[in-house]
Amino acid sequence: MSSGTARLAGLGLKNEFYNKVRAKGGTPDSEQRLRKQIRRLKELRAADAEEIAQLKTDVEGLIGALHQTTTENQLLHQQLAERTAVLRTLPAQPRPALRERCGPQPGSESPGQPIRPS
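For what it's worth, the working numbering labels the leading residue of the sequence shown as 1310, then goes sequentially.
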């Protein structure tokens, strides 16, 4: 059987199927479920396409920011190496004492007592 003949046979089966459906007066449950699933998948695909477009935009912005900071960093390193720049250190944030960060040390008097140097 040639491909054209097979296509006509398939078309005949399809037409026969839909003629039977029309005769019964409704669409089979399996076809209704498939159409519902196809609709849902198309909606998900559209939402995914929107998300991908937003992510591409975000990536472009992040690449621009990365390029800018890399360029600034290279310039600062160059100025530091040439000693032409005046670099200032930023004020440090106050850090809790070692005792507060690590908890009471073994052998200490009580948790609320400050550690005195000997």
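Glycine included, C-beta positions come from ideal geometry on N, C-alpha and C.
Check: How big is the Cα-Cα spacing for L1364 and E1391?
Finding: L1364 and E1391 have their C-alpha atoms spaced approximately 40 Å apart.
Notebook entry, point to check: When DSSP labels each residue in this structure, what does A1401 get in the three-state scheme?
Noted result: Coil at A1401, not helix or strand.
Notebook entry, point to check: Hey, quick one: how far does the alpha helix (DSSP H) through R1392 stretch, first residue to last?
Noted result: No alpha helix (DSSP H) contains R1392, which DSSP labels as neither H nor E.
Checklist line | Straight-line Cα distance separating I1372 from E1352 | finding: In a straight line, the C-alpha of E1352 is about 30 Å away from that of I1372.
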